[in-house]
Amino acid sequence: MFTFGTFIPSTFLPPARPLTVYSADIYFEYIRIINNSPYQLYVGITGVYRTIPEFWVQDIPVLGYFQGQISVTPSINISTVSHAQSNSLVIEGYNLNELDAPISQAIPQQAVTATASGKPLYTATIGFGATAAIKQILNVFNPPGSNVSFTFHAARAFTNDATVPTCNLAFVPGADINLGTAVPAVSHAGQSTPPISFAHATASDQAGGVIGTNPIIEVLNMQASTVEDMLAFPDNTTLAPGGNLVLELSAGAAGHIVRLTFKWSEDIFVPPQGGQPTFLISPHALYDGDLTIGGLNTLTANTAYFVGVTLYATVFLSAIRARFGTGGTGHFDVGVYTDSAGSPGTLVDHAALTATSLVDPVSATVNPAFLNGNMQLQPGRYWLAFWIDNAVDQVLRQAAASGFAGPVKTLATAGPLPASGAGAINASTKIIMAGLIVGNWS
9 MFTFGTFIPS TFLPPARPLT VYSADIYFEY IRIINNSPYQ LYVGITGVYR
59 TIPEFWVQDI PVLGYFQGQI SVTPSINIST VSHAQSNSLV IEGYNLNELD
109 APISQAIPQQ AVTATASGKP LYTATIGFGA TAAIKQILNV FNPPGSNVSF
159 TFHAARAFTN DATVPTCNLA FVPGADINLG TAVPAVSHAG QSTPPISFAH
209 ATASDQAGGV IGTNPIIEVL NMQASTVEDM LAFPDNTTLA PGGNLVLELS
259 AGAAGHIVRL TFKWSEDIFV PPQGGQPTFL ISPHALYDGD LTIGGLNTLT
309 ANTAYFVGVT LYATVFLSAI RARFGTGGTG HFDVGVYTDS AGSPGTLVDH
359 AALTATSLVD PVSATVNPAF LNGNMQLQPG RYWLAFWIDN AVDQVLRQAA
409 ASGFAGPVKT LATAGPLPAS GAGAINASTK IIMAGLIVGN WS
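Taken in order, the sequence shown gives residues 9 to 450; the numbers are from the working numbering.
Here is the structure:
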């Protein structure tokens, strides 16, 4: 047996020249390729070529016209969490009768970490300093239109409750559970423009649970002041589009410290040949119709005005912009609602803490920040909302000449914007509003 050497396959990736071995003994019976790398190899022995899979040992018979030249071209980087990150190639030659039998087999690889796939990683975490109820819930929803799967490698829970409460990890299919508190999906990429998750994460501290009779993946009996992780490596769970993964802690009493955390990776969506699908293209801003059509006029006091919009990409909203004219005597609020069968549903977030916290300006554009910071929205239908408490201040709006101004509704409310848009009725006055998207037009 003769060893030609140990090589690093990545050094010879195109456009670099292939690895070439000259002056091999023409009397070898087999050439052994030990490919301990995540690359497929295209191996040529005097004009006869074959493909060697990644992490594979292959004995290649030497034909009678072998001229002593071996060429190797690596290609196709294969990355999975079950492969170590080796990057070596050994070429050996075997004379007649040195091998009992040629081999063609995989090289066993020790699994590394759950996060070694190269896919973007995210964390959603929520803490409760003194719980108000006996159920604390963290939910991650994978929208039906995401076209990617989520792989969760951590589902952690902490409580200082010494009565041994239980924590349940469960899959709940169907629509977004959409709990009351928005939770950001934070990228692990430390860069100025990190990847944006498709996930919609929410949480709640409430009396009742949300799992019901749906399948429970695992249950833990919690120890006081100990961090418990349900998904110890290499265990993981996968969430396909159109489902929720729920972490629900159930205690016997309120008044405890609780922390719930999910960590996961997301597949990278590859657009089909021919261009990027339109539902992944972020708009300049989130609005309906023509922002230049309208006039400054008064509105009905203590009324919320809703404008339906459609979003085709995951974005972060920093604010909602509106325009005031003369006035400055009252108060206002702006926010975003989910859609519920063509009507405003649940309030995602808004800007006014109380009915008197935001004062109407005189002749100015306003775009106050949301109470919970930048708002992450998944593709779907939403309602931009505007509330005012007086009929004196003027606001830029459009009134349909024939009682039609697109998907608009109103709801009488003392303000600020209510938690639900239920009861809103059709209207013909559309407030000119634009949701400002982080990193886009402002």
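Even for Gly, the Cβ is constructed at its ideal location relative to N, Cα and C.
Exposed unless 16 or more other CB atoms sit within 10 angstroms - verdict on F158
Residue 158 sits at position 150 when you count from the first residue of the sequence shown. Per the 10 Å Cβ criterion, buried.
Hey, how far is the Cα of L6 from the Cα of L247?
No information on residue 6 is available, as it lies outside the stretch 9 to 450 that the chain covers here.
Classify M9 as buried or exposed, calling it buried when 16 or more other Cβ atoms lie within 10 Å of its own Cβ.
For the purposes of this step, residue 9 is taken as residue 1 along the sequence shown, with counting starting at 1. Exposed, because fewer than 16 other Cβ atoms sit within 10 Å of the Cβ of M9.
From Q402 to A432, what distance separates their C-alpha atoms?
By one-based count along the sequence shown, residue 402 stands at place 394. By one-based count along the sequence shown, residue 432 stands at place 424. For Q402 and A432, the distance between alpha carbons rounds to 22 angstroms.
Report yes if the CB atom of S154 is closer than 8 angstroms to the CB atom of N95, and no otherwise.
Along the sequence shown, read from residue 1 onward, the residue named residue 154 stands at position 146. Along the sequence shown, read from residue 1 onward, the residue named residue 95 stands at position 87. Not in contact: S154 and N95 (Cβ atoms no closer than 8 angstroms).
Cβ atoms of E236 and R329: under 8 angstroms apart, would you say?
Counting from 1 along the sequence shown, the entry for residue 329 is found at position 321. Counting from 1 along the sequence shown, the entry for residue 236 is found at position 228. No, the pair does not count as a contact, with Cβ atoms beyond the cut-off.
Same chain, Cβ closer than 8 angstroms to S112, five either side skipped, listed in chain order:
The residue labelled residue 112 in the question sits at position 104 within the sequence shown. Cβ within range, chain order: W64, V65, Q66, D67.
Please state the DSSP three-state secondary structure of S371.
Within the sequence shown, the letter at position 363 stands for residue 371. Correct three-state label for S371: coil.
Counting C-beta neighbours from all protein chains within 10 Å, is the total for N147 16 or more, i.e. buried, or is it exposed?
The residue you call residue 147 lines up with position 139 of the sequence shown. Buried is the call here.
Considering only the alpha carbon of each residue, which of F36, I225, G338 lies closest to N176?
By 1-based counting over the sequence shown, the position of residue 176 is 168. Considering only alpha carbons, the answer is I225.
Between the beta-carbon of P23 and the beta-carbon of L49, is there less than 8 angstroms?
For the purposes of this step, residue 23 is taken as residue 15 along the sequence shown, with counting starting at 1. For the purposes of this step, residue 49 is taken as residue 41 along the sequence shown, with counting starting at 1. The answer is no: Cβ separation not under 8 angstroms.
By a C-beta neighbour count over all protein chains shown, 10 Å radius and 16 as the cutoff for buried, is I437 buried or exposed?
Working through the sequence shown from its first residue, we reach residue 437 at position 429. In the sequence as displayed, the identity of residue 437 is Thr instead of Ile. Per the 10 Å Cβ criterion, buried.
What three-state label does DSSP hand P387 in the structure shown?
Translated into the one-based positions of the sequence shown, residue 387 becomes position 379. Looking at P387 - three-state DSSP - the assignment turns out to be coil, as it is neither helix nor strand.
Please say whether D368 and G388 have beta carbons closer to each other than 8 angstroms?
As a first step, residue 388 is located in the sequence shown; it is residue number 380 there, counting from the start. As a first step, residue 368 is located in the sequence shown; it is residue number 360 there, counting from the start. It is not a contact, given that the beta carbons lie outside the stated cut-off.
Can you tell me where the beta strand (DSSP E) holding W449 begins and where it ends?
Residue 449 sits at position 441 when you count from the first residue of the sequence shown. From DSSP, W449 is part of no beta strand (DSSP E); its letter is neither H nor E.
Alpha-carbon spacing of F74 relative to I99, whole angstroms:
The count along the sequence shown starts at 1 and reaches residue 74 at position 66. The count along the sequence shown starts at 1 and reaches residue 99 at position 91. Answer to the nearest angstrom: the Cα atoms are 16 angstroms apart.
Short check: CB of L425 to CB of W391, under 8 angstroms?
Here the question's residue 425 lines up with position 417 in the sequence shown. Here the question's residue 391 lines up with position 383 in the sequence shown. No, the pair does not count as a contact, with Cβ atoms beyond the cut-off.
Which residues does DSSP pair with E100 in a beta bridge?
Within the sequence shown, the letter at position 92 stands for residue 100. T11, R40.
Three-pair Cβ contact test at 8 angstroms for the region 200-220 versus the region 179-187
In the pairwise beta carbon analysis, the region 200-220 is classified as touching the region 179-187: at least three pairs are separated by under 8 angstroms.
In chain order, what residues of the same chain lie with their CB nearer than 7 angstroms to the CB of H292, ignoring the 5 residues before and after it?
Here residue 292 corresponds to residue number 284 of the sequence shown, with the count starting at 1. Closer than 7 angstroms at Cβ, skipping near neighbours: N448, W449.
Is it buried or exposed, S351, if we count other Cβ atoms within 10 angstroms and call 16 or more buried?
In the sequence shown, residue 351 corresponds to position 343, counting from 1. Classification of S351: buried, given that the 10 Å Cβ count is 16 or more.
Identify which residue in Y47, L21, G101 has its Cα closest to the Cα of F12.
As a working note, residue 12 is residue 4 in the sequence shown. The option with the nearest alpha carbon to F12 is G101.
Neighbourhood of A138 by C-beta, 6 angstroms cutoff - its chain only, sequence neighbours within 5 removed:
Counting from 1 along the sequence shown, the entry for residue 138 is found at position 130. These residues qualify, in order along the chain: G263.
Where does the unbroken beta strand (DSSP E) through F314 begin, and where does it stop?
In the sequence shown, the residue the question calls residue 314 occupies position 306. Segment 311-319, the beta strand (DSSP E) holding F314.
V317 to T269 span [Cα, whole Å]
As a position in the sequence shown, residue 317 is number 309, starting the count at 1. As a position in the sequence shown, residue 269 is number 261, starting the count at 1. Approximately 32 angstroms, taken between the alpha carbons.
Figure out for me which residue from N150, P151, F136 has the closest Cα to the Cα of Q144.
Against the sequence shown, residue 144 aligns to sequence position 136. Closest by alpha carbon: F136.
For S83, which three-state DSSP category applies?
Reading the sequence shown from its first residue, position 75 is the one you call residue 83. It is a strand residue.
Answer with buried or exposed for I53, where buried requires no fewer than 16 other C-beta atoms within 10 angstroms of its C-beta.
Start at 1 with the first residue of the sequence shown, and residue 53 comes out as number 45. Flag for I53 reads buried.
Within 8 angstroms, strictly: CB atoms of D357 and G423
Counting from 1 along the sequence shown, the entry for residue 357 is found at position 349. Counting from 1 along the sequence shown, the entry for residue 423 is found at position 415. No, Cβ-Cβ distance for D357 and G423 is not below 8 angstroms.
Take the Cβ of H5 as the centre, count every other Cβ of all protein chains shown within 10 Å, and call the residue buried at 16 or more, exposed below.
With the chain covering only 9 through 450, there is no way to say anything about residue 5.
Would you check if the distance between the CB atom of E37 and the CB atom of Y130 is smaller than 8 angstroms?
The count along the sequence shown starts at 1 and reaches residue 37 at position 29. The count along the sequence shown starts at 1 and reaches residue 130 at position 122. Against a cut-off of 8 angstroms, the Cβ pair of Y130 and E37 comes out as no contact.
In or out: G353 buried (at least 16 other Cβ within 10 Å) or exposed?
As a first step, residue 353 is located in the sequence shown; it is residue number 345 there, counting from the start. Counting of Cβ neighbours within 10 angstroms places G353 among the buried residues, the total reaching 16 or more.
Check each candidate in G333, D397, G302 and name the one with the smallest Cα separation from T308.
Here residue 308 refers to the residue found at position 300 of the sequence shown. Ranking the options by Cα distance to T308, first place goes to D397.
Under 8 angstroms between C-beta atoms, does F158 make it to chain C?
Going by chain labels, chain C is absent from the structure shown, which holds only one protein chain.
Candidates S212, P152, I440: which alpha carbon is nearest A321's?
For the purposes of this step, residue 321 is taken as the residue at position 313 of the sequence shown. Among S212, P152, I440, the Cα nearest to that of A321 belongs to P152.
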